[in-house]
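A.B. asks:
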Amino acid sequence: MTQPLGVGRVTFKRGGLAESVHRVHAAVVDARGQTVAWCGDPALVAFPRSTSKPVQALPVALGAPDLPGDELAIACASHAGTPEHLAVVARLLARSGSTVDDLRCGTHPPFDPEVAAGLIRAEEAPTPLHHNCSGKHAGMLLACVLNGWPREGYTDPAHPLQVRIRELHAELGGVGLDDVHVGTDGCSVPALALPLHAVARTFARIAAPEGELAPALERVFGAMRAHPFLVAGAGRLDTTLMPLVPGLAAKMGAEAFYGLALRETPRGPLGIAFKVMDGGERARPHVALAVLGELGAPVTEELRALAPATLHNWAGREVGTVEVEVSLEWAEQNPAA
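Residue numbering for the sequence shown follows the numbering used here, beginning at 1 and increasing consecutively.
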């Protein structure tokens with residue numbers, strides 16, 4: 001395994017002084033499963049959180065090969081709770097004969113601020129449908145029905161569905177089952193922690209599917225690419241980034257984790273995983289653009305606008321800068337350089 005070198009960092013400065021420093025670890029894996037580049041420690045064990053959703057959606061993709069792409073996309077989503085999102089979740093939920101009462105994700109206000117404000121004005125409480133993970137849970141309920149597993153207890157780590165999802169993480173990540181650490185996510189399903197290179201290998205498999213899982217992986221990749229709005233929502237990084245980068249499927253996770261499946265690079269398909277150690281999510285777009293640039297993706301003005309180098313206050317005055325020091329170490333010479 002490669003040895004960890006310099007940790008990347010994103011520094012937010014005000015008046016020329018560092019105000020916040022966000023340290024970064026990253027791994028890049030090719031279609032052969034080899035770690036070809038890294039920043040910091042590619043063996044760092046971290047929780048991908050919602051970055052795991054494309055893998056968590058595989059049981060329903062495998063069990064329902066004719067599932068519409070928008071419903072598969074919402075099963076991979078951390079959605080914003082808009083009416084468009086909720087309509088697709090409701091349709092997916094109905095396929096298993098389930099209702100909102102069967103969802104075990106809990107409830108939080110919609111991520112979309114206008115929808116959240118509308119509920120307040122209407123004096124309506126959010127429901128589990130508004131939870132950003134409700135699509136994932138609807139997909140899990142359908143996977144249970146398709147596989148003859150009980151819907152009851154579907155979030156329990158010992159449930160057959162969650163056991164299968166853990167196995168898929170190990171298989172795609174190229175690690176042993178004991179290397180997949182089990183915690184609990186915000187929506188009550190198991191949160192699975194793996195080394196960064198294992199998550200990057202998983203996204204490399206999404207970018208370049210092979211083996212028995214290839215058809216399902218290809219459908220997940222295609223659904224995310226075809227329905228970027230459903231994967232997140234207006235103004236959010238996944239939704240904005242995917243249409244701007246050819247051959248990219250991207251999935252954010254809580255606490256500033258990110259996974260990217262990139263098909264079009266000088267090295268062929270690649271999988272990328274990175275973690276901002278302090279969970280500082282404002283650093284995420286800066287890291288994503290830096291890594292994409294080093295991998296040979298064209299960084300256009302539209303992309304640069306996602307991670308501006310200057311900071312402005314509410315009056316529009318420039319008050320600071322952002323310095324990005326995220327340079328990949330390569331196992332061999334970088335052909336994109």
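All C-beta atoms, glycine included, are put in the ideal place defined by N, C-alpha and C. Since the structure is predicted, the reported quantities are computational estimates derived from the model, not experimental observations.
Can you grab the Cα-Cα spacing for the pair Leu-311 / Ala-125, in whole Å?
C.D. replies: About 36 Å.
A.B. asks: Excluding the 5 residues flanking Leu-328 on each side, which residues of the same chain have their C-beta closer than 6 Å to its C-beta?
C.D. replies: The answer, listed in chain order, is Ala-37, Cys-39 and Glu-294.
A.B. asks: Is it the case that the stretch 137-145 contacts the stretch 95-111, given that we only count it when at least three CB pairs across the two stretches are under 8 Å?
C.D. replies: These segments touch.
A.B. asks: Identify, in the order they occur along the chain, each residue of the same chain with its Cβ nearer than 7 Å to the Cβ of Asp-30, setting aside the five sequence neighbours on each side.
C.D. replies: Here the set comprises Val-36, Ala-204, Arg-267, Gly-268 and Leu-270.
A.B. asks: Where does Pro-65 land, buried or exposed, given buried means 16+ other C-beta within 10 angstroms?
C.D. replies: Burial call: exposed.
A.B. asks: Throw me the rounded Cβ distance for the His-159 and Leu-192 pair, which I believe falls under 8 Å.
C.D. replies: Actually they are not in contact, since the Cβ atoms of His-159 and Leu-192 sit about 14 Å apart, beyond 8 Å.
A.B. asks: Using the C-alpha atoms, what's the distance from Glu-167 back to Leu-142?
C.D. replies: Each residue's Cα considered, the two are about 19 Å apart.
A.B. asks: With a cut-off of 8 Å on the beta carbons, I'd call Gly-233 and Asp-112 a contact; round off their distance for me.
C.D. replies: Going by Cβ atoms, the distance from Gly-233 to Asp-112 rounds to 6 Å, so yes, they are a contact pair.
A.B. asks: When you compare the CB positions of Leu-244 and Leu-260, do they come within less than 8 Å of one another, or not?
C.D. replies: No, these two residues do not count as a Cβ contact at 8 Å.
A.B. asks: Pairs of beta-carbons, one from the stretch 180-194 and one from the stretch 205-224, closer than 8 Å: are there three or more?
C.D. replies: Short answer: they don't touch.
A.B. asks: Just reading off the beta strand (DSSP E) that Asp-30 is part of, what are its end residues?
C.D. replies: Counting along the chain, the beta strand (DSSP E) containing Asp-30 begins and ends at 17-30.
A.B. asks: Buried or exposed, going by whether 16 or more other CB atoms sit within 10 Å of the CB of Leu-17?
C.D. replies: When all chains shown are included, Leu-17 counts as exposed.
A.B. asks: So Met-252 is in the beta strand (DSSP E); what residue range does that whole segment cover?
C.D. replies: Where Met-252 is concerned, the enclosing beta strand (DSSP E) stretches over 248-253.
A.B. asks: Exposed or buried, which one is Gln-3 when buried takes at least 16 other CB atoms within 10 Å?
C.D. replies: Reliability of the predicted coordinates at Gln-3 is poor, the pLDDT of 48 falling under 50, and the value obtained from them is presented with this limitation in mind. It counts as exposed.
A.B. asks: Which residue wins for smallest C-alpha separation from Gly-338, given the options Lys-13, Ala-315 and Gly-69?
C.D. replies: Here the chain comprises residues numbered 1 to 337, so residue 338 is not present and cannot be evaluated.
A.B. asks: For a test of your reading of the model: does the CB of Glu-281 fall under 7 Å from any non-hydrogen atom of the ligand MN? Yes or no.
C.D. replies: The ligand MN is not among the ligands present in this structure, which contains no ligands whatsoever.
A.B. asks: Measure from the alpha carbon of Leu-129 to the alpha carbon of each residue in Gly-97, Ala-87, Arg-151 and Thr-300, then state which is nearest.
C.D. replies: That would be Ala-87, whose Cα lies nearest to the Cα of Leu-129.
A.B. asks: Roughly how many angstroms lie between the CA atoms of Phe-12 and Phe-229, to the nearest whole one?
C.D. replies: Rounded to whole angstroms, Phe-12 to Phe-229 spans 29 Å at the Cα level.
A.B. asks: Taking the continuous beta strand (DSSP E) assigned at Thr-35, which residues delimit it?
C.D. replies: 35-39 is the span of the beta strand (DSSP E), which, as asked, contains Thr-35.
A.B. asks: Restricting to Cα atoms, I'd like to know which of Cys-133, Gly-173, Val-175 and Gly-176 is closest to Thr-155.
C.D. replies: Nearest option by C-alpha distance: Cys-133.
A.B. asks: Return the residue from the list Tyr-258, Arg-151, Leu-72 and Leu-92 that minimises the CA-CA distance to Ala-27.
C.D. replies: Residue Tyr-258 is the option with its Cα nearest to Ala-27.
A.B. asks: Whole beta strand (DSSP E) runs in the stretch 256-331 with 3 or more residues, listed along the chain?
C.D. replies: The stretch 256-331 contains these whole beta strand (DSSP E) runs: 257-262, 270-276, 310-312 and 318-325.
A.B. asks: So is Ile-120 buried or exposed if we call it buried at 16+ other beta carbons inside 10 Å?
C.D. replies: Answer is exposed; the Cβ neighbour count stays below 16.
A.B. asks: If you reduce the DSSP assignment to three classes, tell me which class Gly-176 lands in.
C.D. replies: Gly-176: coil per DSSP, three-state reduction.
A.B. asks: Report back the beta-carbon spacing between Ile-165 and Val-55 to the nearest angstrom; my notes put them in contact at under 8 Å.
C.D. replies: Indeed they touch by this definition, with Cβ atoms about 7 Å apart.
A.B. asks: Would you say Val-24 and Val-287 are within 8 Å of each other, going by their C-beta atoms?
C.D. replies: Yes; because the gap between Cβ atoms is below 8 Å, this pair is in contact.
A.B. asks: Could you give the first and the last residue of the continuous beta strand (DSSP E) run that contains Phe-12?
C.D. replies: From DSSP, the beta strand (DSSP E) with Phe-12 extends over 8-14.
A.B. asks: Using only the alpha-carbon positions, how far apart do Ser-52 and Pro-308 sit?
C.D. replies: Rounded to whole angstroms, Ser-52 to Pro-308 spans 28 Å at the Cα level.
A.B. asks: Taking the beta carbon of Gln-34 as the centre, do at least 16 other beta carbons fall within 10 Å, making it buried, or is it exposed?
C.D. replies: So Gln-34 ends up on the exposed side.
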